[in-house]
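Participant:
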Amino acid sequence: MTEQDALVEKLRGMTGWPADFAATPYGAEPCDIAIVGAGHAGIEAALAVSKLGLRTTLFSLNLDSVGNMPCNPSIGGTAKGQLVREIDALGGAIGRLADAAAIQYRMLNATKGPAVRSPRAQIDRRLYQELAKHLLENTEGVHLRQAEIVAVLSEPVVRKSAADQPAKMPPSGAKTPEMPSSVEARYEVRGVLTRSGAWHPCRKVILATGTFMESRIITGEVSIDSGPDNLFPSHGLAASLAAHGLKLQRFKTGTPVRINARSIDFSRLEIQEGDAEQWTFSFVNEDNPEFCPKPTRDCYLTWTTDETAAIVRANLHRSPMFSGFIRGTGARYCPSIEDKIVRFPDKERHQIFVEPMGLGTEEYYLQGLSSSLPEDVQERLVRTLPGLERAVIQRSGYAIEYECLDPLQLESSLEVTDVRGLYGAGQINGTSGYEEAAGQGLIAGLNAARACRGLEPLVLGRDEAYLGVLIDDLVTRGTAEPYRMMTARAEYRLSLRQDNADRRLTPIGREYGLVNDADWARFVQRRDLLTAELERLRSTRILPSPERDRIFDQAGSTPPQGGISLAEALARPEIGLDELAQLDALIDKSVDATLAVPADASVSVSVDALVKLPSNLPSSQLSQLNPSQLNPSQSNSLQSNSSQSNSLQSNLPLPNLPSHLRRAAVIEIKYAGYIELEQRRIARFKKDERKRLPADINYGAIRGLRIEAQQKLAAVRPRSLGQAGRISGVSPADLAVLSVWLEMWNREQSSEQRTNTVSIPAPGGQNVELSRNSAGKNEAEVTNK
11 MTEQDALVEK LRGMTGWPAD FAATPYGAEP CDIAIVGAGH AGIEAALAVS KLGLRTTLFS
71 LNLDSVGNMP CNPSIGGTAK GQLVREIDAL GGAIGRLADA AAIQYRMLNA TKGPAVRSPR
131 AQIDRRLYQE LAKHLLENTE GVHLRQAEIV AVLSEPVVRK SAADQPAKMP PSGAKTPEMP
191 SSVEARYEVR GVLTRSGAWH PCRKVILATG TFMESRIITG EVSIDSGPDN LFPSHGLAAS
251 LAAHGLKLQR FKTGTPVRIN ARSIDFSRLE IQEGDAEQWT FSFVNEDNPE FCPKPTRDCY
311 LTWTTDETAA IVRANLHRSP MFSGFIRGTG ARYCPSIEDK IVRFPDKERH QIFVEPMGLG
371 TEEYYLQGLS SSLPEDVQER LVRTLPGLER AVIQRSGYAI EYECLDPLQL ESSLEVTDVR
431 GLYGAGQING TSGYEEAAGQ GLIAGLNAAR ACRGLEPLVL GRDEAYLGVL IDDLVTRGTA
491 EPYRMMTARA EYRLSLRQDN ADRRLTPIGR EYGLVNDADW ARFVQRRDLL TAELERLRST
551 RILPSPERDR IFDQAGSTPP QGGISLAEAL ARPEIGLDEL AQLDALIDKS VDATLAVPAD
611 ASVSVSVDAL VKLPSNLPSS QLSQLNPSQL NPSQSNSLQS NSSQSNSLQS NLPLPNLPSH
671 LRRAAVIEIK YAGYIELEQR RIARFKKDER KRLPADINYG AIRGLRIEAQ QKLAAVRPRS
731 LGQAGRISGV SPADLAVLSV WLEMWNREQS SEQRTNTVSI PAPGGQNVEL SRNSAGKNEA
791 EVTNK
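Under my numbering, the letters of the sequence shown match residues 11 to 795, in that order.
Written out as structure tokens, the structure reads:
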């Protein structure tokens, strides 16, 4: 038998082998981690893996579509902007890429409370893709490969009991050991197979397939096997996953038409200008005086009309959404125009945003007009909008269906429970959106790399990050439709603001190897400056004077009788940044603060430091994207000699801090009472999170649990009592029974004494009787008093 014959025989014996595979397999270059898909999830996953010093091959169906934005050409938005800031705080790239390609910035909900303020940027779509690809090409340990993955191949593993597994330490330095994995995996990945027959052995696989698995695009009565933007779909991979016993779902999303700018009457549209004050997604760019935003482009607003609605209603019989032609479940919070007209018949009009696709194109995107109606209907539909009566369509809207995993099959590390070494990230996990995908990619990449090194995964809590909320929702509750992050999903959103993402997460990113020396130095300086400013506000008192009282009177606030600290003044709702500046003017500015980093740790680098770029790529946009600044293993060590440092802001009086630090200080002061209350709620939340559940509970033997609760708990296998309470179908009464069972189990683990039956009071006037069955397991039964 030849070596190739032996390889073929070996591969054919693995789980996931495609039955109709035609090519002759051959051994290709191995890697530590194979990543399937180079969208926003795949990019972050690859960069995270490289930061831990491992080798990854990043596969893409088309390398010209790396970092593609097939839908809205924007980054951020409500809750999504918080995700971008969190990814940046953890050392991810999406924030810096967005800053380098942004053509308009807006802070959404700026007039509302800080908990719901969310940054958003309009993006030059093509420039973003070029920058993302260039970054990956110049990151050590990342190999880009254009190929279609048709199978993930694995071998069965020998099952082990939970008792044989060592106790795990929880993430983020918690003291309580984590329970072993819920269920022993049935398979372990060995590698991936391309359509051309290349066998890539690897230790871990991350699936970041987006909307490509068995995808088809639908416009009216026409259906085409295709990925977004008419790219090739992925065939075969879904069947390989199904061969592992994994449950797949079919979801749907859509996109609107794109029109030519020369056919738009902008005089009839409502202008949507960007914010006058400069801000950035990346915390690094906030402190970088050399960061230069690009020329801005305005967005515009128009509205649907009665004629728009009439055309939609007259053509519902041709809509694949209402004819049954579309089988996939669509996103609730991103409805098509036909869905809006049908679901909200009393609404007179719907807003449509007209957004530029970039600086180098005349295409405009019509946000809010997503549609899968036939092309001829779309033509008439667009021309009913004021200002678009002569619109020329360049790309038609369409719906796209695709396969994805049921996320209840995932662990909190984003590893598939039944397939050891297989991770999911992005839309394959049932989410929608670039930002949700990027966040999952970073976590999956980090945890896959840590697993290769025998380290425990990073699992962020719901109290730590929107990323924690996102992943916990997926693995605990699952999703029956494309999941979109919203601020309302976060119970502790005042503590999870976009302005404090670095203070929450950069120390964690540093601990886990994602934050390099230069970025850490900048963070420490920002944190220390903010701490000093908060102390100054609390300790500086202003005595009564006519000038001081005049400031309070003009603000509509009663002047205090005696002295008052700046913090006490800011706590008044009438006193804001303008009044603080006036009060500061009464104080002797004798203390300066300097935000400095070592000279050799500058984030801004010359283009000469990078590889030669294509002549048509704007080199000025690359100054924030030096791969070495995104990779701790390549960054220069910090110099302790103060003579080698330079200032980002020189001679900076504390009252005149950078605007982002001033705002952060004011928020901390004004909302201190609310934040303290929320921290108390978080303490109670953590109490239940620390109550770890054994991995091998026989929920069917806990007779006090309702059948639905038994089934849901057995399916999800929650790590803690807190997570169990978040499972749909587990009632407070069920949780009380489980809590009592856990209390008894913990007693038995810590004591040599054994009881046959114990009756413990439970909420609701009930008792829970605990007994030992013949198998040595606890049984619980609820009885009324």
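Note that CB positions come from ideal geometry on N, CA and C, so glycine has one too.
Could you tell me which of Val485, Ala498 and Ser60 sits nearest to Ile43, measuring between CA atoms?
Facilitator: Ser60
Participant: Let me know if Cys81 comes out buried or exposed under the rule of 16 or more other beta-carbons within 10 Å of its beta-carbon.
Facilitator: So Cys81 counts as buried.
Participant: Can you tell me the Cβ-Cβ gap for Val408 and Ser225, rounded? I've got them flagged as a contact below 8 Å.
Facilitator: Per the sequence shown, residue 408 should be read as Tyr rather than Val. Tyr408 to Ser225, Cβ: 11 Å. No contact.
Participant: According to DSSP, Gly434 sits in a beta bridge with which residue or residues?
Facilitator: Leu217
Participant: For the stretch 697-764, which segments carrying the beta strand (DSSP E) assignment without a break, of at least 3 residues, lie completely within its bounds, in sequence order?
Facilitator: none
Participant: Under the three-state reduction of DSSP, which class applies to Asp235: helix, strand or coil?
Facilitator: strand
Participant: Who are His153's beta bridge partners in DSSP?
Facilitator: Thr67
Participant: CA-CA distance, Pro384 and Ile228?
Facilitator: 9 Å
Participant: With DSSP collapsed to three states, give me the class of Phe332.
Facilitator: helix
Participant: Is the number of C-beta pairs between the stretch 310-322 and the stretch 344-351 that are closer than 8 Å three or more?
Facilitator: yes
Participant: What distance in whole Å lies between the Cβ atoms of Gly207 and Thr25, which are believed to be in contact at a cut-off of 8 Å?
Facilitator: About 18 Å; that fails the 8 Å criterion.
Participant: Note down the Cα distance separating Met79 from Phe242, rounded to an integer number of angstroms.
Facilitator: 16 Å
Participant: When you compare the stretch 245-259 with the stretch 93-103, are there three or more beta-carbon pairs, one atom per stretch, that lie closer than 8 Å?
Facilitator: no
Participant: Using a 10 Å radius around the Cβ and a threshold of 16 neighbouring Cβ atoms, would you call Met11 buried or exposed?
Facilitator: Exposed, by the Cβ-count rule.
Participant: Identify the continuous beta strand (DSSP E) that holds Gln404 and give its terminal residues.
Facilitator: Ile403 to Arg405
Participant: At which residue ranges does the stretch 431-510 contain complete alpha helix (DSSP H) runs of 4 or more residues, listed in the order of the chain?
Facilitator: Listed in chain order, the complete alpha helix (DSSP H) runs (minimum 4 residues) inside the stretch 431-510 are 444-462 and 476-487.
Participant: Quick one: residues in its chain with C-beta nearer than 6 Å to the C-beta of Ser171, no 5 flanking neighbours on either side, listed in chain order?
Facilitator: Unreliable placement is indicated for Ser171, whose pLDDT of 49 sits below 50; the coordinate value is still reported in the next sentence. Counting only Cβ-Cβ distances below 6 Å, and skipping sequence neighbours, we find nothing.
Participant: With contact counted as at least three CB pairs below 8 Å, one residue from each stretch, are the stretch 698-717 and the stretch 146-154 in contact?
Facilitator: no
Participant: For Glu296, I'd like the list of residues in its chain whose CB is within less than 6 Å of its CB, leaving aside the five on either flank, ordered along the chain.
Facilitator: Thr290 and His670
Participant: Please classify Gln798: is it buried, with 16 or more other beta-carbons within 10 angstroms of its beta-carbon, or exposed?
Facilitator: Only positions 11 to 795 of the chain appear in this structure, which leaves residue 798 out of reach.
Participant: Which residues does DSSP list as the beta-bridge partners of Thr88?
Facilitator: Partner(s): none; Thr88 has no beta bridge.
Participant: The beta strand (DSSP E) with Leu415 in it runs from where to where?
Facilitator: Tyr408 to Leu415
Participant: Could you tell me which residues DSSP puts in a beta bridge with Phe261?
Facilitator: Thr339 and Tyr412
Participant: Quick check on this structure: which residue in Gln282, Tyr476, Thr67 and Ile712 has the alpha carbon closest to the alpha carbon of Glu158?
Facilitator: Thr67
Participant: Thinking C-beta only, is Val162 closer than 9 Å to Val429?
Facilitator: yes
Participant: Report back the beta-carbon spacing between Arg268 and Arg405 to the nearest angstrom; my notes put them in contact at under 8 Å.
Facilitator: 4 Å
Participant: What residue from Met331, Gly284, Ser423 and Ala16 has the CA that sits closest to Val232's CA?
Facilitator: Met331
Participant: List the DSSP bridge partners of Pro569.
Facilitator: Bridge partners of Pro569: none, in fact.
Participant: So, at 8 Å on beta carbons, what are the nonlocal neighbours of Asn72 in its own chain, with the 5 sequence-adjacent residues on each side left out?
Facilitator: Close CB contacts of Asn72 within its chain, under the 8 Å cut and outside five residues either way in sequence, are with Gln156, Leu241 and Phe242 (chain order).
Participant: For the alpha helix (DSSP H) that contains Thr318, what are its first and last residues?
Facilitator: Asp316 to Ala324
Participant: Going by the DSSP bridge assignment, what does Thr25 pair with across the sheet?
Facilitator: Ser164
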